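Notes follow once the structure below has been shown.
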Amino acid sequence: MNEWRFLPIEVNNGFWNMALDEAMLKMAIEKKSLNTLRLYKWKPSTASIGRHQSLYDEIDVKYAKDRGFNVVRRITGGGAVFHDEYREITYSIVCPIKFLKDLGAEKVLEQFEIITQGIITGLLIFGLKPEKDVIHCPAILLDGKKFSGNAQVRKKGYILQHGTILLDIDPELMYSVLKAPENVDKSKMVRSVRAKCIGIKNHIQNYEEGKLIISLKRGFEKALNIKLIEGIFSEDERELAESLVKEKYANLEWLQKYE
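At the far end of the sequence shown sits residue 259, using our numbering, and the numbering has no gaps.
See the structure below:
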């Protein structure tokens, strides 16, 4: 059974979270770090946009700035996301694409889904019945409503996949930060989120974050046939992440790339 590194949940700002994910990927490509599962949260709340999105089409930058939120551009694809510091846990995984193919996941969608199966398996422990779907990007649903969206970047035979696990939702706040599509009212988007999205926290009896983390860890171990060993970021990863924050994620040139 493959041993992977497990990085227990920690809280960082949006620039650091994205820089650490990219640093993990770069170090793995250079064979300087292990395959890794990481769990994290965001403080302050952060709006992230996909690699090829326009900042000002997707985000109310003034509102985000006035509220003290971060705004970042990811290296992964997908759409704009509001990461609420009180209402979300995020996961990221870095591993060789070959590892997933050896598990039978040949196609891109299959590789998405074998990773998200870790979340599904973890939540089955609580008696929940999540199901896979594709809503723009691969998603996970509970009671027919989305609680997890996921995105990937693939580089030099390696994959970084990260995604959300919504604990709760505040659609009004979400669509104060995110812009509604052209010719669509904000109120319509708020109603749509209420109708189509869900937080899992209130569906877990006697919710405790620690128990959820343990269950997610077990779910990923089972889905990927791995053993997760608790670890830490290396000095090389942290130094690289620090430079990525300065040169990329907190840099307006990267954020405004398509303006």
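Note that beta-carbon positions come from the ideal geometry of N, C-alpha and C, so glycine has one too.
All values reported here derive from a predicted model rather than from experimental measurement.
The criterion of a C-beta distance shorter than 7 Å is satisfied by I29 and K156.
Per DSSP, K201 lies in no beta strand (DSSP E) and is assigned neither H nor E. Among the bridge pairs identified by DSSP, K155 is matched with Y158. Nearest to V94 by alpha-carbon distance, out of K26, T121, R194 and V134, is K26.
A contact is defined here as three or more CB-CB pairs under 8 Å, and the segment 134-150 fails this definition with respect to the segment 97-107.
Annotation for A19: the continuous alpha helix (DSSP H) segment containing it runs G14 to I29. In this structure, I169 sits away from G122, with a CB-CB distance that is not shorter than 7 Å.
Secondary structure at T116: helix, using DSSP grouped into helix, strand and coil. For I204, the CB contacts under 6 Å within the same chain, skipping 5 residues up- and downstream, are F126 in chain order.
Setting aside the 5 residues that flank it on each side, I59 is surrounded in the same chain by A47, I49, V71, A80, V177, L178 and K179, each with a C-beta closer than 8 Å to its C-beta; the list follows chain order.
Taken atom to atom, the span from the alpha-carbon of I165 to that of Y175 is near 18 Å.
Around the C-beta of Q161, 16 or more other C-beta atoms lie within 10 Å, and the residue is accordingly described as buried.
Within the segment 195-259, the runs of alpha helix (DSSP H) that reach at least 4 residues and sit entirely inside it are, in chain order, 209-224, 235-244 and 252-255. Beta-bridge analysis with DSSP links F6 to L37 and E230. In the DSSP secondary-structure assignment, P130 is not bridged to any residue. Non-local beta-carbon contacts of I229 in its own chain, meaning distances under 8 Å to residues more than five positions away in sequence, involve E3, W4, R5 and F6 in chain order. Residue pairing by DSSP places P96 opposite Y158 in a beta bridge. Bounds of the beta strand (DSSP E) holding P138 are C137 to L142. Within 10 angstroms of the beta-carbon of G104 lie fewer than 16 other beta-carbons, which makes it exposed.
In the displayed model, S48 falls within a strand according to three-state DSSP.
Exclusion of the five residues before and after A23 leaves E237, L240, A241 and L244 as the residues of its chain whose Cβ lies within less than 7 Å of its Cβ. Sixteen is the threshold: when 16 or more other Cβ atoms of the shown chains lie within 10 Å of the Cβ of Y158, as they do, the residue is buried.
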